[in-house]
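For the sequence shown, my numbering begins at 615 and goes up steadily by one.
For every residue, glycine included, the Cβ atom is placed at its ideal position computed from N, Cα and C.
Owing to the predicted nature of the structure, the values given are computational and were not obtained by experimental measurement.
Here's the structure we're looking at; comments come further down.
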Amino acid sequence: MNKLLAMLLTLGSFSSFACIDYESISEICVDDTVFKGSEYKYGAKVVAINSYENTITVRSVNNRKLYVERARDLDLTKGCLLGVCVDDTVFKGSEYKNGAKVVAINSHESTITVRSVNNSKLFVERARDLDVVDACVDYGTAERSMHNFPND
């Protein structure tokens, strides 16, 4: 029994290091939460990565089904894009009455996925169209001014 438990723990620890390079911008790793525009209402968890095909298997948090996605189509739940960071509160002119919260960024498309404070719906916006209300605690001026962050 102890050997089986040790083997399972070892296998589990290896899977936590499985990552795919997000075209030199960042990495997507197993257990990360990602979005794909507004398709995954509550996001999806990365369960496996095919580095050869540049695809990622994700499990929807909402319906628990598995999906295979291209890495470049997924939105990361970390970092900044054109001065807009994950967890920022934003407005787009007068479209979001009480603002929207940034939940993910897609550097390939220069888009930001936001969740409306009013109705909790997801929307995909162009980064350049959003007005940031508050400074992001996790990121300073240097990171906000980069076109893409993180760029490990």
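- Taken in chain order, the whole beta strand (DSSP E) runs of length 3 or more contained in the segment 691-759 are 703-705, 714-720, 725-730 and 736-740.
- CA-CA distance, Lys711 to Val728, rounds to 13 Å.
- Comparing C-alpha distances from Tyr666 to each of Asn676, Arg684, Ser652 and Ala714 shows the shortest one belongs to Arg684.
- Taking 8 Å as the cut-off, the Cβ atoms of Val704 and Val717 do not count as close.
- Three or more beta-carbon pairs separated by less than 8 Å are not found between the segment 670-677 and the segment 694-708, which leaves the two stretches without contact.
- Contact between Leu744 and Lys706 is confirmed by a C-beta separation of about 6 Å, below the 8 Å threshold.
- In terms of Cβ geometry, Val747 and Gly693 do not form a close pair [threshold 8 Å].
- Residue state for Ala662 is assigned as strand, using DSSP reduced to three classes.
- Of the candidates Ser708, Ile726, Leu680 and Arg740, the residue whose Cα lies closest to the Cα of Thr691 is Ile726.
- Using a 10 angstroms sphere on the CB of Asn732, the tally of other CB atoms stays under 16, which defines it as exposed.
- A distance below 7 Å between beta-carbons, with the five flanking residues on each side excluded, links Glu739 to the following residues of its chain, in chain order: Lys706, Thr725, Ile726 and Val728.
- By the CB criterion at 8 Å, Gly657 and Val648 fall inside the cutoff.
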